[in-house]
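The structure appears below as structure tokens.
Residue numbers (full-length UniProt numbering), protein chains in the order written: chain A, 1 to 307; chain B, 1 to 307.
Following this line, the structure appears as structure tokens:
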């Protein structure tokens, strides 16, 4: 019952209409680990950081059952750094600074101790690196989930299409689904993507929830209506972490259980956006998570009598 | 068990990325009537048309249990005419022509035969006219629902605020909720609106579904993911018609039953957008509606075990 996660661990510097974060810990693998470790341990992290990444942060993750043997620490380079500013609607943002630093040389290596992982989350990275991770796995995992972004569709579409044939679930947002297929209708886009490799497709729509497509079925999970979205950074990765965490915990990859996993992911994402960075994720308890899940049940539950 | 509907009956001329409708029948009261008459009869229509409005259209409505005694026919003026063109995303449109014609003199009169209606749907009109209808009702209806739009917030906010104190349910879209309250967060906007008169608030988000707020509770109904939205004209009014129709049929205005009514409204709206105008609404059967409702159950149904 282990979950292998490949992604970035980084510094973020975020400005929203509510304030400035200063330099804080971010990165896709960080958010996935904080979310997933509520449900499954160990979370086996594969990432890369520089000499400036605080050891205390790795220790905090270890205390949550996150294995960091696969996190390469580069002695003479800085960690990946991203700075951005959100607009009022929180759906759009401007990137102010992107310093790749160690990420420019990232060549993920799966440690021997991680072999046998049944669940694998490939965070948004160059498709060739995602493929290399899959090729390093000696036993085919039960479930491989891949996240990606429009940048790779612009610059490495052939590689992306190749790695898509190797995974079970694709996780994209609505505009990425459209770009990947050239279809405006998300239903048509989904149908095309399900012929490209993945058997399951999750389309994230931010504050408008998420859709799960599989064969001819579709499931919709809302986002929780929140008083304020304080900082959306990492919400998508936190969603992925909750989703994977629930699946790895239950060892059940049926469509029915994936629905539940998406609700769990949505609940975790609803915590993430309440504060800067992973601050909120670090403090929540199982009771908080259960209460939030109950809110989701209330949010969508209705009776209908087809007579 | 009657439903009184006040609104426009008109001609529309619509262009979407899928084609042009030519001059067809439209108007808020038309859509409400086509949707609601599946669930409740009579639907008591209060509207105004010109000499050019086809008698056959009124007859078709009558055959569906729609009373048209309250539809004033003006012998020397034309019917309200609107022409618009949708953009590719179908969420935005340009108005090409608005000819008010008879609508400029609309002074709705509730016929004696409509008195006693328990459910009243006040379609989007000048707030003073909506108020005048309420004042004509000798017995306070069980439920008064009001639709409005940003135009009245720009031009008649005081009148709108006054009529809001007289109704039970407000129906607006997300941008209207924001404009009415000056709050960007829909949760904060909802809280404010629930102090302005209505005890229930429905925020329509088009393809992103609808939210129902009441006291401290919130319910979310998704829109059905459709392969194509052919023509969104009238979807909001059709939603309102399904919502009111279900409530009037069941005579139950509890929060729990309003949830179901919103799902019924969403199902009716999902038919409306499949063709130009009310074409699709004219042909659907009870079996079609039940099947669509089952799809909504499938769409949001999930199991969660909080152990």
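All C-beta atoms in this analysis are idealised placements derived from N, C-alpha and C, irrespective of residue type, glycine included. Here the structure is a predicted model, which means the values were calculated and not measured.
What does the alpha-carbon distance come out to for the pair residue 213 of chain A and residue 264 of chain A? 17 Å
Show which residues of chain A have a CB atom less than 8 Å away from the CB atom of residue 88 of chain B. 184
In chain order, what residues of the same chain lie with their CB nearer than 8 Å to the CB of residue 249 of chain A, ignoring the 5 residues before and after it? 1, 39 and 40
Run through the region 43 to 114 of chain B for me and flag every whole beta strand (DSSP E) of 3 or more residues, listed as ranges in chain order. 43 to 50, 66 to 74, 81 to 86 and 93 to 99
Are any of the Cβ atoms in chain B nearer than 9 Å to that of residue 259 of chain A? yes
Every unbroken alpha helix (DSSP H) within the region 117 to 146 of chain B, with a cutoff of 4 residues, ordered by chain: 127 to 136
What does a CB cutoff of less than 7 Å around residue 217 of chain B pick up in its chain, not counting 5 residues either side in sequence? 255
Tell me, please, which residues DSSP counts as bridged to residue 200 of chain A. A:169 and A:214
Same chain, Cβ closer than 8 Å to residue 134 of chain B, neighbours up to 5 away in sequence not counted: 120, 122, 144, 163, 166 and 167
Near residue 235 of chain B, what residues of its chain come up, given a Cβ to Cβ distance below 7 Å and the 5 sequence neighbours on each side ignored? 269, 272 and 273
By the 7 Å beta-carbon criterion, what residues does the region 264 to 297 of chain B contribute toward chain A? 290, 293, 294 and 297
Does DSSP put residue 16 of chain A in a helix, a strand or coil? strand
Does the beta carbon of residue 13 of chain B fall short of 8 Å from some heavy atom of the ligand ATP? As presented, the structure is devoid of all ligands, the ligand ATP included, so that no description of it is given.
Local conformation of residue 24 of chain A per DSSP, three classes: strand
Assign residue 31 of chain B to one of two classes, buried (16 or more other C-beta atoms within 10 Å of its C-beta) or exposed (fewer than that). buried
In three-state terms, what does DSSP make of residue 296 of chain A? helix
Within 10 angstroms of its Cβ, does residue 198 of chain A collect 16 or more other Cβ (buried), or is it exposed? buried
At the 9 Å Cβ level, is residue 217 of chain A part of the contact set with chain B, yes or no? yes
Can you find the residues in the same chain that come closer than 6 Å, C-beta to C-beta, to residue 58 of chain A, ignoring five residues on each side of it along the sequence? 68
Opening and closing residue of the beta strand (DSSP E) in which residue 160 of chain A lies: Element bounds for residue 160 of chain A: not the beta strand (DSSP E) but the alpha helix (DSSP H), 157 to 164.
Can you check DSSP and say which residues form a bridge with residue 221 of chain A? A:210
Do the region 228 to 245 of chain A and the region 14 to 34 of chain A make contact, defined as three or more Cβ pairs closer than 8 Å? yes
Please confirm whether residue 316 of chain A has its beta-carbon closer than 9 Å to some beta-carbon of chain B. The question about residue 316 of chain A has no answer here: the residues shown for chain A are numbered 1 through 307.
N- and C-terminal bounds of the beta strand (DSSP E) containing residue 3 of chain B: 3 to 6
Burial state of residue 307 of chain A (16 or more Cβ within 10 Å): Confidence is the limiting factor: at residue 307 of chain A the pLDDT is only 49, short of 50, which leaves the residue's position unreliable and the question unanswerable from this model.
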